[in-house]
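Novice: Be aware that the sequence shown starts at 149, since it is given in the numbering used here, and climbs by one per residue.
By construction, the Cβ of each residue, glycine as well, lies at the ideal position given by its N, Cα and C atoms.
This is the structure, below, for whatever I ask next.
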Amino acid sequence: MKLWHCHNARSLRPLWAMEEMGFDYELEMLPFPPRVFQKGYLGVNPLGTVPFFQDGDVTMTESSGICHYLVEKYQQAGFGVAVDHPEYGDYLNWLYHSDATLTFPQTIVLRYTMLEQGDRRLPQAAEDYAAWYIARLRRLDAHIIDREFLCVDKFTIADVAVGYALHLGQSLGLDECYTDQVKNYLTRLQARPAFQKAASLGAEQSPFK
Ligand SMILES: N[C@@H](CCC(=O)N[C@@H](CS)C(=O)NCC(=O)O)C(=O)O
């Protein structure tokens with residue numbers, strides 16, 4: 149299997165998951181954003197986004213979906229939740245929530261504070277979407293207050309998916325507004341050796357600190 153990755157971008161989700169699961173993989177590091185700095189990448193993934201993932205004839209572009217694929221395809225049940233478990237719906241909800249609800253507003257902040265230059269920066273849009281993101285953490289704030297992990301009292305790819313969103317928020321300086329329980333949850337996840345290895349790869353090419 150092969151993953152195209154930019155440091156600290158959403159491709160960190162499948163990279164972290166592969167490290168947790170102990171897979172062998174090929175990694176192609178790209179500068180960010182690849183559509184600007186490595187135009188040939190559009191020939192690999194016409195969306196120009198990372199992750200791009202290939203496993204034989206299978207190609208995928210969605211970070212949380214790739215983590216889900218790895219659990220199901222390679223029977224990594226220890227990192228997932230079984231369909232007949234009472235928390236299965238909750239598990240899927242966190243997986244989808246991680247990107248559609250928690251990462252999306254942050255991309256507006258990233259774009260209009262860091263990627264655009266000069267007059268194209270939009271402080272008002274960045275401020276509004278930062279507030280939107282923090283408000284969307286309410287469900288997690290309540291859920292994680294008395295739990296170590298999101299589902300079934302164990303580490304799963306739901307933690308990878310949501311943990312990445314929190315990590316991105318930290319790299320944008322939004323963690324000042326995290327509740328204590330969310331800060332502590334993120335610290336626990338970032339202490340995992342698999343996270344530390346995945347997050348260290350390609351740091352020198354990153355616009356994120
Ligand atoms: N929904 C996709 C989004 C992928 C995505 O937009 N990735 C961003 C990095 S976090 C990207 O590649 N942006 C570069 C660009 O838009 O040119 C996922 O969850 O993986």
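In angstroms with no decimal places, state the Cα-to-Cα distance between residue 201 and residue 238.
Specialist: Distance between the alpha carbons of residue 201 and residue 238 is about 26 Å.
Novice: Return yes when the C-beta of residue 103 is under 6 Å from any heavy atom of ligand 1, and no when it is not.
Specialist: Because the chain here runs from 149 to 357, residue 103 falls outside it and cannot be looked at.
Novice: Please report the straight-line C-alpha distance between residue 329 and residue 222, rounded to a whole angstrom.
Specialist: Computed Cα separation, rounded: 33 Å.
Novice: When burial is assigned at 16 or more other CB atoms within 10 Å of the CB, is residue 292 buried or exposed?
Specialist: Its Cβ being crowded by 16 or more others within 10 Å, residue 292 is buried.
Novice: Please classify residue 180 as buried or exposed, where buried requires at least 16 neighbouring CB atoms within 10 angstroms.
Specialist: Its Cβ being crowded by 16 or more others within 10 Å, residue 180 is buried.
Novice: Going along the chain, which residues put their C-beta within less than 5 Å of some heavy atom in ligand 1?
Specialist: After applying the 5 Å Cβ criterion, the set is 157, 158, 181, 183, 196, 197, 198, 210, 211, 247.
Novice: Around the Cβ of residue 286, are there at least 16 other Cβ atoms within 10 angstroms (buried) or fewer (exposed)?
Specialist: Classification for residue 286: exposed.
Novice: With DSSP collapsed to three states, give me the class of residue 343.
Specialist: Note: residue 343 maps to helix in three-state DSSP.
Novice: I need the straight-line Cα distance from residue 357 to residue 229, nearest angstrom please.
Specialist: With a pLDDT of only 46 at residue 357, under 50, the local geometry of the prediction cannot be trusted, and no value is derived from it.
Novice: Rounding to the nearest angstrom, what Cα-Cα distance links residue 152 and residue 182 in this structure?
Specialist: Cα-Cα distance, rounded: 10 Å.
Novice: Between the C-alpha atoms of residue 266 and residue 321, what's the straight-line distance to the nearest angstrom?
Specialist: The straight-line gap from Cα to Cα measures roughly 20 Å.
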